[in-house]
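Numbering (the working numbering), first residue to last: 1 to 562. Even glycine gets a Cβ: it sits at the ideal position worked out from N, Cα and C.
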RNA sequence: UGGGGGAUCGUCCAACGGUAGGACUACGGACUCUGACUCCGUCAAUCCAGGUUCGAAUCCUGGUUCCCCAGCCA
């Protein structure tokens, strides 16, 4: 069991502590994570997953992974597999069984029959439009359905024939018989079963033409699995009376407690499955695992780690208040983790060639470099150094701004892990663009400071002859607006898409040790940020690196203020 | 003139009648062969109005404001 003290508490843990003190549920804690397999999981689901599995882990309980698969029209097996993959990647262990609501279709049918026998459910022939009209409004009570008083026998017969496939889609539904005048609209005789012919369910195939609704299915599934604390998001708060009504009316053995918390909102992104689906289906992104997507698959491909996501979910906490978390929190968690765990490499993103004129042609030497400045266990690597190198265009300025401490004409700079060089000559093309620099190096500055002068700047480099060419993809926020799906400016989230969310650099140069990088491996490209080797793709035989997150950049901040 | 929830630094989260605290951000400084990391410091909040109390973010009363609900979606 994990040290509970190490995790910040929250109101749900307070409730469980209290339940445990009162020996409720015999001291048992059982949670579940119940995704619908109609899309990929996003960072908001990560919050829920880590909450539910975290509670189980810390209270020595269990957490079931249960697919809430009652709407075969929208669900498929690809999503089931993707979800399992993501939950496992987060480090959550669902044991040896994956649950499906569809496992309970028989049991659910029997419970429905039981409800009919108790005169608590009836078959209704109203069509969808009529039913809406009968439901009333937020401020007016609804009217009883004309079919509300059918006899038990008739209802039983009709329900059996619905199951047998005698009726068309939409012609009949099974409804609970509760109260059409309830101020809670969920209690106005909610639908329990609808007819769906001709869809193949990914688990049950064509066995059913009758599918149960969420409200009926969820509470019973929880009860059958012996769930003690059924944690869900705030929008289900109004459904709790209905959740309890079913379990009370059916007198199930267990009566789990539904507890609601507020869902995660992240600035500059969206966490609506419906809208994420639209981004994918309409080609606004390359797929569910596009590194700009807030999906778990996208974050993973971007180079985010499970540890960073776990830390993130701890930092944001669990409450019932509406919240919009700043992207800086996520970025901070990723940086903290990768700073500690990503080996350092050098990569030149915007190459500028330099020639060390006093370094012999065709001569090379190997310089040792630490893989991590604070952690010796990362070991050392050898970097080839020669007469021709690439540095970044940003690290040279003909006319330097104030406080600039990189390379300038006639000035000196330290090449990271190598020598101090001086810029002697600037070579330009016909359009006055700097295309090459001629420099000289001080052979006595490897591993030590130069005599009698201070060199402030340190820049990264790669050997031109040995460098690996790569494509590097720089990602920025997917949306310009902090709350794109709720911007209150009359625009939709699509209008707020950031056209510059992806910047592809096709001619970058990496230090040669990166030839051994494995797909998905994370590195810090020194002075640039954290990057990871794209696990899916290559570009014309060149590796693709995705920028996970930049380094904190106080210089950029100063520049921006200027 | 329905029902259900929520309001604490810019952001997120604590404090559960007894000094409003932490994290992130921002700002300043130290260090530095990464303008990174690390370290030090600074700014910064109880929705409003009454009441109870020696004492209120917390309890009471009345407001304000924001979110959710009228699928045969979950």
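query, result
"Residue from 117, 103, 35 with nearest C-alpha to residue 85", "35"
"3 or more residues per run - each beta strand (DSSP E) lying fully within the stretch 443 to 485", "468 to 475"
"CB of residue 300 within 8 Å of CB of residue 461, strictly", "no"
"Which of helix, strand or coil DSSP assigns to residue 109", "helix"
"Boundaries of the alpha helix (DSSP H) in which residue 420 is found, first to last residue", "Element bounds for residue 420: not the alpha helix (DSSP H) but the beta strand (DSSP E), 420 to 428."
"Secondary structure of residue 437, DSSP reduced to three states", "strand"
"Complete beta strand (DSSP E) runs within the stretch 151 to 199 (minimum length 3 residues, chain order)", "173 to 176, 191 to 195"
"Selected residue, minimal CA-CA separation from residue 110, among 38, 41, 163, 538", "163"
"Those runs of the beta strand (DSSP E) which lie wholly inside the stretch 59 to 127 and span at least 3 residues", "62 to 67, 121 to 124"
"Through-space distance from residue 222 to residue 23, alpha-carbon basis", "20 Å"
"Residue 529 - partner residues in DSSP beta bridges", "525, 550"
"Rounded separation between residue 476 and residue 501 - CA only", "4 Å"
"Separation of residue 448 from residue 400, as counted between CA atoms", "26 Å"
"Beta-carbon contacts of residue 342 that lie in its chain and below 7 Å, excluding the five residues immediately before and after", "522, 523, 524, 530"
"Between the CA atoms of residue 562 and residue 646 - distance to the nearest angstrom", "Beyond the ends of the chain as shown, which are 1 and 562, falls residue 646; an answer cannot be given."
"Residue environment, residue 218, which counts as buried when at least 16 other CB atoms sit within 10 Å", "buried"
"Beta bridge counterpart(s) of residue 211 as assigned by DSSP", "194"
"Nearest neighbour of residue 27, chosen from 16, 37, 245 [CA to CA]", "16"
"Identity of the residue in 480, 214, 140, 165 nearest residue 179 by Cα", "140"
"Candidates 154, 312, 533: closest to residue 518 by CA position", "533"
"Run of the beta strand (DSSP E) containing residue 351, from where it starts to where it stops", "351 to 356"
"Reduced DSSP secondary structure (H/G/I, E/B, other) of residue 507", "strand"
"Cβ-based burial, residue 273 [other Cβ within 10 Å; buried from 16]", "buried"
"Per-residue DSSP class, three states only, for residue 5", "Summary for residue 5: the model assigns pLDDT 42, below 50, so the residue's position carries little reliability, and this model does not support an answer."
"Spatial distance of residue 387 from residue 356 (CA atoms)", "5 Å"
"With 16 other Cβ atoms within 10 Å as the buried cut-off, status of residue 3", "At residue 3 the pLDDT is 38, less than 50, meaning the model places this residue with poor confidence; the figure from the coordinates comes in the next sentence. The residue is exposed, with fewer than 16 neighbouring Cβ atoms inside 10 Å."
"Of the listed residues 440, 335, 203, 354, nearest to residue 81 (C-alpha basis)", "203"
"Sequence-distant residues of its chain with Cβ nearer than 8 Å to residue 324 (five each side left out)", "265, 266, 267, 482, 483"
"Buried versus exposed call for residue 565 [16 or more other C-beta atoms within 10 Å across all chains shown]", "Outside the shown range of the chain (1 to 562) lies residue 565, about which nothing can therefore be said."
"Pair within 8 Å by beta-carbon distance, residue 429 and residue 421", "no"
"Whole-angstrom distance between residue 77 and residue 569, CA atom to CA atom", "One cannot answer for residue 569 here, as it falls past the ends of the chain, which runs 1 to 562."
"Through-space distance from residue 144 to residue 243, alpha-carbon basis", "22 Å"
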